[in-house]
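For the sequence shown, position 413 matches number 398 in our numbering, and the numbering has no gaps at all.
Report on the structure given below.
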Amino acid sequence: MCQLCEKPGHTAKICRLNKSSIKEPVANIATASQFHDNKNWVVYSRASHHVTADLNNLSLYTEYGGLEKIAVGGGTSLSINHIGFSIISTTNKPLKLTNVLHVPVMNRNLISISKFCKTNNVFVEFFPFHFLVKDSSMGAPLVRSLNRNGLYELPRCMSHLSMITTTFLSVKTSFDVWHRRLGHPSSEILTFMLKFFGLPSIASNKAFSCNSCACNESHKLPFGQSTLSSTKHLQLLYTDVWGPAQISFVEGFRYYVIYIDHFTKYIWFFLMKHNSDVYLLLPIFKALVKKAFNTSITCIYSDNGGKYQKMSKYLATHGISHLTTPPYTLELNGAAERRHKHIVETGLTLLHHASMPLKFWSHAFQVAVYPINKLPTPLLNLKSPFEILFETPPNYSKLKVFGCLCYPWLKPYNKHKLQPKSKPCVFLRYSINQSAYKCFDHESQRIFVSRHVMFQEHIFPFTSAKTQTTSRQAMIEEFNALVKNQTWVLVPPSSKQTVIGCKWVFKIKRKPDGSIDRYKARLVAKGFHQREGIDYTDTLIPVIKPTTIKIVLSIALSYGWPIQLSRPKFRAMTGVCLYTTKEYSTSSGGTRTNVQLVNAETPTKRWIQVYKDTSDIAYTSLYESIKVKVSHQQLDVNNAFLQGTLSEEVYMAQPTGFLDKDKPFHVCKLHKAIYGLK
């Protein structure tokens, strides 16, 4: 194997390369006669720039406008005509040559090793007879070339690739054709591709435009900062209508309109029953501004809805400018839209915290505006709109928690002097025109306005009302069951009686998915007040272990004893018993059992043949599986304790909340057992 050309059949001593190297040395000096002798790229470690003598080696170039020159051996300076870009293709990745200087009088194409390695993230390894260009990240070789005539040159075929590219570049295409070829990319992306990949294009001074892109890639333009400005309060007002709400209170409000001062950010809030009422409220608001601030409204900014178009004539008559947003451009009225968001979110939060129904939304939204106007905002250097508008700090002492329990002074509303002076109410909102509070009486569905109100801000009546409603209904159902089963009779108390107390115990029954099924209430006697030998004798545990049930059922089935059924399907049949008789073998290898259902009230009998090798299991014991064609369901017996009759005399106080009005001091003499008794 030759060590020079790496070919078999000869040694380095007789290699043709070795013979050619015996020629007289030739100095690499740039002369005009040598200009087209060699077009290969020479890897040169002392070169500071890439240099080429042939302009066709550049994929993309431009005229050089600088004053710098190339310094060569002997102190000679050479002029630079162009500067450009070239690509050397390899099997792995293209190698780029950037900022290549075109010097026509050079006799070699030089590659600066430092620039070449930095640009392509590669490194070069030199050997006596060849060199390698390797990738810096992976270490994989990209180019291998030989040392020819003492110069490290890239293979001629690689330099020819640049020539092929140059030939291809001779056929140039217009910018718009490339735009269509590449799938209508943006001008920035297309310009980058033309420069980076050296795609041939015809320079054009005309502004590029594509009709297809304009028609099918149209979108909303970005919104810049608003140019509207004001120098004093009430000079410019934003306005907008919110609604309709699907739920309304007794007043029937379904909309509201807001007016926002651009200078102070103060909000005026008005409820409306109809969308068109905004036209009726404008004169009222204009008069309010004139009277309170002794100034006139100069300009109003709104959307272009029909409700505001009707006001154009009124506004023009009173010298008020009316600015509107373009159609379907709510973003330009962003000040009003953001206030809607703030008011609605705050109002719904107040309703949720107080557990109040959504029908009170109008009151919650109005209460929300009250503190919003008094909260500091970064837009006003952490001052509140109230302070900027009225030039005085706000007073927060009047603020109360929405939906809390309150006791207004109701003496002016009483019909006679013996009525209570107050009653529990719910704080609803602040009075707009008065220094007072509006309180809602849930019982009479009436709203009272009073200045003299006592608040309990940690109690929310609607939260308690929800719990009380569900609990009360469960208590009523339990009490009616106790009365229906004649659990007790009311008797006068005596000194010889030991009266035990009782209490209500509540529990929530949930479905398998975790949702609420129903609310349970059980009246539980305080059995720890009972005395042994007087109120009770022996105590029993009414709970049976599952193991005991399985053993009893297995023994009964083995001996054919009757088993009382407790199944929903047989609740209407009294005394239904299950018997097992003879078993027979079947052709399929299973067994057949005759099952007899007997009704104790009627002499009728039913025989059912079932098979152990079927799949619908309805009843299972520990050792046997008798398959009856009825669905398996869970059985829950209500008021099971009421089936036990008491032999002792036990007296209990009347249940809380169900005191007999005619016999309030009587006690309950129990006839049947209830929860909690020993």
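Backbone N, C-alpha and C fix where the C-beta goes; we use that ideal spot for every residue, glycine too.
- Counting only runs of at least 3 residues, the segment 394 to 433 fully encloses the following beta strand (DSSP E) elements, listed from N- to C-terminal order: 410 to 415, 422 to 426.
- Here the C-alpha atom of residue 456 lies approximately 8 Å from the C-alpha atom of residue 505.
- If you look at residue 372, you'll find it in the alpha helix (DSSP H) that goes 370 to 375.
- By DSSP's assignment, residue 126 forms a beta bridge with 119.
- Counting only residues of its own chain and dropping the five nearest sequence neighbours on each side, residue 229 has a CB closer than 8 Å to the CB of 239, 240, 260.
- When only Cα atoms are considered, residue 95 and residue 199 end up about 47 Å apart.
- Residue environment for residue 202: exposed (fewer than 16 other C-beta atoms within 10 angstroms of its C-beta).
- In summary, residue 351 is buried, with 16 or more beta-carbon neighbours lying within 10 Å of its beta-carbon over all protein chains present.
- Below 8 Å, enough C-beta pairs join the segment 386 to 398 and the segment 324 to 343 to call them touching: three or more.
- Straight across, the Cα-Cα distance linking residue 51 with residue 192 is about 29 Å.
- A straight line joining the alpha-carbon of residue 34 with that of residue 80 spans about 16 Å.
- Residue state for residue 87 is assigned as strand, using DSSP reduced to three classes.
- Under the three-state reduction of DSSP output, residue 386 falls in the coil class, being neither helix nor strand.
- For the options 299, 348, 400, 441, the alpha carbon positioned closest to that of residue 393 is the one of 441.
- Residue environment: residue 123 is assigned as exposed (fewer than 16 neighbouring CB atoms within 10 Å of its CB, all protein chains considered).
- Inter-residue distance for residue 83 and residue 30 is about 17 Å (C-alpha atoms, whole angstroms).
- Two segments are said to touch when three or more pairs of C-beta atoms, one from each, lie closer than 8 Å; by this definition the segment 343 to 357 touches the segment 320 to 334.
- Taken through DSSP and simplified to helix, strand or coil, residue 225 comes out as strand.
- Residue 125 counts as exposed, since fewer than 16 other beta carbons sit within 10 angstroms of its beta carbon.
- The C-alpha of residue 375 is placed about 15 Å away from the C-alpha of residue 381.
- Per DSSP, residue 656 is one residue of the beta strand (DSSP E) stretching across 652 to 657.
- Collapsing the DSSP output to three states places residue 180 in a helix.
- In this structure, the beta-carbon distance from residue 435 to residue 424 falls below 8 Å.
- Using a Cβ distance threshold of 8 Å, residue 325 and residue 227 count as a contacting pair.
- Comparing alpha carbon positions, the residue from 541, 631, 663, 403 closest to residue 513 is 663.
- Classified as exposed, residue 168 has fewer than 16 neighbouring CB atoms from the shown chains inside 10 Å of its CB.
- Cβ contact annotation for residue 437 (same chain, cutoff 8 Å, sequence separation greater than five): 393, 394, in chain order.
- Linking residue 657 to residue 491 through their CA atoms gives a straight-line distance of about 21 Å.
- Rounded to whole angstroms, residue 133 and residue 117 show a C-alpha spacing of 14 Å.
- Residue 634 sits in a strand when the DSSP states are folded into three classes.
- Here residue 252 is bridged, per DSSP, to 245.
- For residue 69, the uninterrupted beta strand (DSSP E) segment begins and ends at 67 to 73.
- Counting other Cβ atoms within 10 Å of its Cβ, residue 225 reaches 16 or more and is therefore classed as buried.
- Between the beta-carbon of residue 99 and that of residue 70 there is about 18 Å, and that puts the pair past the 8 Å contact cut.
- Nearest Cα to residue 76 within the set 243, 115, 89, 129: 129.
- Below 8 Å, too few C-beta pairs join the segment 299 to 315 and the segment 272 to 280 to call them touching: fewer than three.
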